[in-house]
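Okay, so here's the structure we're looking at.
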Amino acid sequence: MSDNKPRLLVARVFPPHVMERAARDYDCIVNSEDANWTGADVIARAGDVDAILTSARTKYPAEVIRDLPANVRMLATFSVGYEHIDLDVAKARGLVVTNTPDVLTEAVADITILLLLAASRRAREGFEMVSSGGWPGVGGWKPTQLLGIGAQGKVLGILGMGRIGRAAAARARAMGMTIHYHNRSRLTPDLEQGAVYHDTPQSLLKVSQFLSIHCESTPQTHHLINAEGIALMPQGAVVVNTARGDIVNDDALVEALKSGRIAAAGLDVFNGEPNVDPRYFDLPNAFILPHIGSATMETRNAMGDRALDNLDAFFRGDAPLDRLA
Ligand code: DGY
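With the sequence shown counted from 1, adding 6 to any position gets you the working numbering.
Now the structure itself:
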């Protein structure tokens with residue numbers, strides 16, 4: 007980079023490697039309190055910057071993008087998801103937008119399997135039984151204690167067979183699961199790896215003894231897993247969501263978890279994060295995590311590198327690899 011460094015608004019505190027690289031190559035204004043900036047907070051601080059490095063916690067709907075000062079030419083989001091940015095308005099304004107695909111695939115696939123096993127093997131109940139000191143009180147080990155659901159030989163339905171869906175499928179195959187999937191378009195055989203394609207989500211739900219959600223959050227996928235969808239699923243199925251909370255209708259899932267229609271759920275993402283529907287707190291068959299799918303040091307460093315690579319390319323005059331708008 008030249009001595010005349012571009013000015014960058016760093017809208018979160020990212021891992022040290024990312025902050026150091028940003029500070030080396032850019033004149034940074036940093037959200038050093040790591041506050042949850044709103045769009046208005048970003049606008050108020052963007053009067054003198056060329057670009058913004060953001061996370062998915064800050065939303066960039068049409069009105070925020072329109073009100074960004076004209077000097078802001080690029081928005082690099084430290085996330086693979088980009089539903090928090092109005093890409094059409096960004097394109098119309100000439101704002102370049104990039105995301106960070108690929109680098110978090112394996113970490114999110116790992117968390118998918120963690121949730122699948124934790125939910126189906128009743129890890130929350132087991133953890134609470136032991137850590138509360140209550141295990142002796144229920145007689146210690148016994149043949150009928152905390153019987154869960156085995157994954158071996160079961161059908162795992164993958165809703166959204168992109169990079170993360172395929173990486174989760176590879177792990178599940180190693181556990182002896184049979185993979186079915188729905189995707190907007192059918193994959194080529196080398197990517198399918200024998201997985202059975204369903205041309206509608208409803209057809210997939212009918213066979214999914216386990217369901218793992220990996221599709222994008224769009225108007226079409228909003229509340230796709232609702233009461234009607236759950237009614238199609240096999241009795242006692244397991245639902246895992248590492249994608250976005252709004253793909254699931256909480257009323258329907260909570261009801262199904264209470265009745266046992268759905269045996270268990272493993273959830274890393276929620277409607278209205280970080281304000282999780284409190285009904286999940288009281289459901290022993292809901293294993294819930296605070297959106298940590300990509301939270302390994304290796305992955306978060308790689309996400310930062312990918313975002314900064316995109317920024318570097320833009321300021322060199324090259325095409326950023328992950329350009330969305
Ligand atoms: C992503 O990268 O989209 C993760 O969900 C973090 O926002």
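Ideal Cβ positions, reconstructed from N, Cα and C, are used throughout, including at glycine. Predicted model only: the values in this text are computed from it and were never measured.
### Separation of Ile185 from Pro280, as counted between CA atoms
Along the sequence shown, one-based indexing puts residue 280 at 274. Along the sequence shown, one-based indexing puts residue 185 at 179. When rounded, the distance between both Cα atoms is 31 Å.
### Task
Determine, using beta carbons only, whether Ala271 and Leu259 come nearer to each other than 8 Å.
Stepping through the sequence shown from its first residue, residue 271 is reached at position 265. Stepping through the sequence shown from its first residue, residue 259 is reached at position 253. Leu259 sits close to Ala271, with the two beta carbons spaced by under 8 Å.
### Task
Please confirm whether any heavy atom of the ligand DGY lies closer than 7 Å to the CB of Val246.
As a first step, residue 246 must be located in the sequence shown, where it is residue number 240. Because no heavy atom of the ligand DGY lies under 7 Å away, the Cβ of Val246 does not count as near it: no.
### Task
Please state whether DSSP places Gly299 in a helix, a strand or coil.
Within the sequence shown, residue 299 is the residue found at index 293, counting from 1. Looking at Gly299 - three-state DSSP - the assignment turns out to be coil, as it is neither helix nor strand.
### Message
Could you check if Ser218 belongs to the surroundings of the ligand DGY, using beta carbon to heavy atom distance under 7 Å?
### Response
Here residue 218 corresponds to residue number 212 of the sequence shown, with the count starting at 1. Every heavy atom of the ligand DGY is 7 Å or more from the Cβ of Ser218, so no.
### Query
When DSSP builds the beta bridges, which residues end up paired with Ile58?
Reading the sequence shown from its first residue, position 52 is the one you call residue 58. Looking at the DSSP assignment, Ile58 forms a beta bridge with Leu15 and Leu81.
### Task
Output yes or no for whether 8 Å exceeds the beta carbon distance between Leu93 and Val103.
Taking the first residue of the sequence shown as position 1, residue 93 is located at position 87. Taking the first residue of the sequence shown as position 1, residue 103 is located at position 97. The answer is yes: Cβ separation under 8 Å.
#### Entry: Where the alpha helix (DSSP H) through Val24 begins and ends
Residue 24 sits at position 18 when you count from the first residue of the sequence shown. Segment Pro22 to Asp31, the alpha helix (DSSP H) holding Val24.
### Query
From Ala129 to Pro240, what does the alpha carbon distance come to, in whole angstroms?
Counting from one through the sequence shown, the residue named residue 129 turns up at place 123. Counting from one through the sequence shown, the residue named residue 240 turns up at place 234. Going by the C-alpha atoms only, they are around 22 Å apart.
### Message
Using a 10 Å radius around the Cβ and a threshold of 16 neighbouring Cβ atoms, would you call Trp43 buried or exposed?
### Response
Residue numbering aside, residue 43 sits at position 37 when the sequence shown is read from its first letter. Buried.
### Task
Put Phe293 into one of helix, strand or coil per three-state DSSP.
As a first step, residue 293 must be located in the sequence shown, where it is residue number 287. In the structure shown, Phe293 sits in a strand (DSSP, three-state: E or B).
### Backbone CA spacing between Asn291 and Asn10 [nearest angstrom]
What you label residue 291 is simply residue 285 of the sequence shown in a count that begins at 1. What you label residue 10 is simply residue 4 of the sequence shown in a count that begins at 1. Computed Cα separation, rounded: 56 Å.
### Query
Which residues mark the beginning and the end of the alpha helix (DSSP H) in which Ser223 is found?
As a working mapping, residue 223 is identified with position 217 in the sequence shown. Ser223: not part of any alpha helix (DSSP H); DSSP gives it neither H nor E.
### Coarse secondary structure for Phe2, derived from DSSP in three states
Since the first and last residues shown for the chain are 7 and 331, residue 2 lies out of range.
### Task
For Val103, verify whether its CB is less than 7 Å away from any heavy atom of the ligand DGY.
Numbered from its first residue, the sequence shown carries residue 103 at position 97. No, the Cβ of Val103 stays beyond 7 Å of every heavy atom of the ligand DGY.
### Task
Let me have the residue list for the ligand DGY: C-beta closer than 5 Å to any non-hydrogen atom, ordered along the chain.
Ala62, Ser85, Val86 and Gly87
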